[in-house]
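Each residue of the sequence shown is one higher than the last, beginning at 1 in full-length UniProt numbering. From the three backbone atoms N, C-alpha and C, an ideal C-beta is built for every residue, glycine too. Read through the structure below, which is laid out as structure tokens, and then see the notes.
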Amino acid sequence: MDRREIAALLAYIGRLDPRTIRTDQGEARDQLAQWHELLGDVPMATPHGWDVRVAARQHIRTSPYQILPADLARPWESYRRDRLARHSDPTPSVDPDDQAAWTAELVGTRRAVAAGTAQPAQARAITSGRDGVDPKLEARLREIGSCIPPAARAALAPYRPARAVREAAVAQGLPDALSVRCEWCLAQPGEPCRRRRIGPDGGARGTAPRATPHPGRLDLAAAQQAQRTEQAQQPALA
């Protein structure tokens with residue numbers, strides 16, 4: 001605030017609390033100089049929620065003590081900290097190779113947010129559900145059937161044989177063996193079966209992953225698939 005704004009603020013405060021009024025010309029001049037020195041960097045109002053008159057009125061309403069410049073500087077600093085805490089630096093529009101311009105734009109944006117002349121830039125939240133899917137991405141997924149293109153999936157097949165066998169079985173309508181727990185090697189759902197080597201003492205010496213699931217796991221998956229199919233048909237028959 002400049003000296004004229006400080007004078008207007010003191011006149012406003014004087015109407016609410018006559019104790020701040022200085023009738024002597026010299027005292028009034030000293031008071032104006034003191035408040036301007038302490039509140040020169042505090043704006044009268046900003047486009048986004050700050051008004052020094054509101055802070056002054058709030059103090060006079062809730063405190064029995066005469067208002068001081070610090071009683072207005074503290075709310076202003078809280079206002080600045082709150083806005084900067086809610087601000088997430090957006091990517092500058094300048095060339096990232098120009099370090100000076102990049103830094104200058106970041107600093108300028110932060111200062112504008114702290115001064116109340118710009119709104120804090122909020123980080124985009126992670127959305128869930130179908131509402132958050134980009135229509136272009138959804139159309140692309142329908143086109144290729146998966147987020148992994150078929151060519152890339154075929155190239156990765158030699159490096160993940162268990163997954164390749166699982167995908168081939170599901171594509172042919174066969175039961176997904178990895179959807180159930182293996183009772184033989186105790187592999188959990190989603191994990192490939194393992195080949196256990198038993199030592200002379202009866203303990204397991206190795207658990208190398210298998211490219212194909214154990215037959216018992218296939219039978220259990222087929223039984224569960226048949227049970228789900230039967231349960232799905234019962235309401236239709238009813």
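Report the rounded CA-to-CA distance for Thr109 versus His48, giving the unit in angstroms. The residue labelled residue 109 in the question sits at position 109 within the sequence shown. The residue labelled residue 48 in the question sits at position 48 within the sequence shown. Those two C-alpha atoms are separated by around 15 Å.
Quick check on this structure: which residue in Val94, Trp76 and Val113 has the alpha carbon closest to the alpha carbon of Ser88? Residue numbering aside, residue 88 sits at position 88 when the sequence shown is read from its first letter. Comparing alpha carbon positions, the residue from Val94, Trp76 and Val113 closest to Ser88 is Val113.
Decide if Leu220 is buried, meaning its Cβ has at least 16 other Cβ atoms within 10 Å, or exposed. In the sequence shown, residue 220 corresponds to position 220, counting from 1. Buried, since its Cβ has 16 or more Cβ neighbours within 10 Å.
Any idea if Tyr159 is buried or exposed, counting beta-carbon neighbours within 10 angstroms, 16 or more meaning buried? To locate residue 159, count along the sequence shown from 1; it is residue 159. Exposed, because fewer than 16 other Cβ atoms sit within 10 Å of the Cβ of Tyr159.
Is the beta carbon of Val165 closer than 8 Å to that of Thr212? Stepping through the sequence shown from its first residue, residue 212 is reached at position 212. Stepping through the sequence shown from its first residue, residue 165 is reached at position 165. Yes; because the gap between Cβ atoms is below 8 Å, this pair is in contact.
Under 8 Å by Cβ, that's how I've got Val42 and Ala73 pegged, so tell me the actual separation to the nearest angstrom. Position 42 of the sequence shown, counting from 1, holds the residue named residue 42. Position 73 of the sequence shown, counting from 1, holds the residue named residue 73. Indeed, because the Cβ distance is near 6 Å, the residues count as touching under 8 Å.
Neighbour-count burial assignment, Tyr79, 16 or more Cβ in a 10 Å radius: Within the sequence shown, the letter at position 79 stands for residue 79. Counting Cβ neighbours within 10 Å, Tyr79 comes out buried, since at least 16 surround it.
The alpha helix (DSSP H) that contains Thr109, what's its start and end? Taking the sequence shown and counting its residues from 1, one reaches residue 109 at position 109. Residues Gln99 to Ala114.
By DSSP, does Pro18 sit in helix, in strand, or in coil? Numbered from its first residue, the sequence shown carries residue 18 at position 18. Helix, per DSSP.
Could you name the residues of the same chain whose beta carbon sits closer than 6 Å to that of Met44, not counting the 5 residues immediately before and after it, in chain order? For this step, residue 44 is matched to residue 44 along the sequence shown. Hits under 6 Å: Met1, Glu5 and Val52.
Integer Cβ distance of Pro209 from Pro192, believed to fall under 8 Å: On the sequence shown, position 209 is the one that residue 209 refers to. On the sequence shown, position 192 is the one that residue 192 refers to. Confirmed, Cβ separation roughly 5 Å.
Just to confirm my understanding: we take Trp102, look at its own chain, exclude 5 residues before and 5 after, and list those with CB closer than 8 Å. What are they? For the purposes of this step, residue 102 is taken as the residue at position 102 of the sequence shown. Excluding residues within five positions, the ones whose Cβ falls inside 8 Å are Pro92, Val94, Asp95 and Pro96.
Does the separation of the CB atoms of Gln225 and Pro175 fall below 8 Å? Residue 225 sits at position 225 when you count from the first residue of the sequence shown. Residue 175 sits at position 175 when you count from the first residue of the sequence shown. Contact: yes.
My understanding is that Ser217 touches Val180, with C-beta atoms under 8 Å, so please give their C-beta distance in whole angstroms. Taking the sequence shown and counting its residues from 1, one reaches residue 217 at position 217. Taking the sequence shown and counting its residues from 1, one reaches residue 180 at position 180. Rather than Ser, the amino acid found at residue 217 in this sequence is Arg. That belief holds up - the Cβ atoms of Arg217 and Val180 are roughly 6 Å apart, short of 8 Å.
Between Asp24 and Leu16, what straight-line distance do the alpha-carbon atoms span, to the nearest angstrom? Within the sequence shown, numbered from 1, the residue matching residue 24 stands at position 24. Within the sequence shown, numbered from 1, the residue matching residue 16 stands at position 16. Between Asp24 and Leu16, the C-alpha separation is close to 19 Å.
Closest Cα partner of Arg81 within the set Pro120, Ala139 and Leu10: Residue mapping note: residue 81 aligns to position 81 of the sequence shown, counting from 1. Among Pro120, Ala139 and Leu10, the Cα nearest to that of Arg81 is on Pro120.
Could you pull the start and end residues of the alpha helix (DSSP H) that Glu27 belongs to? Counting from 1 along the sequence shown, the entry for residue 27 is found at position 27. Glu27 -> alpha helix (DSSP H) spans Gln25 to Leu39.
If we ignore side chains and look at the alpha-carbon of each, how far apart do Ile13 and Ala28 end up? Here residue 13 refers to the residue found at position 13 of the sequence shown. Here residue 28 refers to the residue found at position 28 of the sequence shown. Spanning the two alpha carbons is a distance of roughly 13 Å.
Of the residues Glu230, Gly116 and Gln66, the one placed nearest Arg86, counting alpha carbons only: Indexing the sequence shown from 1 puts residue 86 at position 86. If we check each option's Cα against that of Arg86, Gly116 comes out closest.
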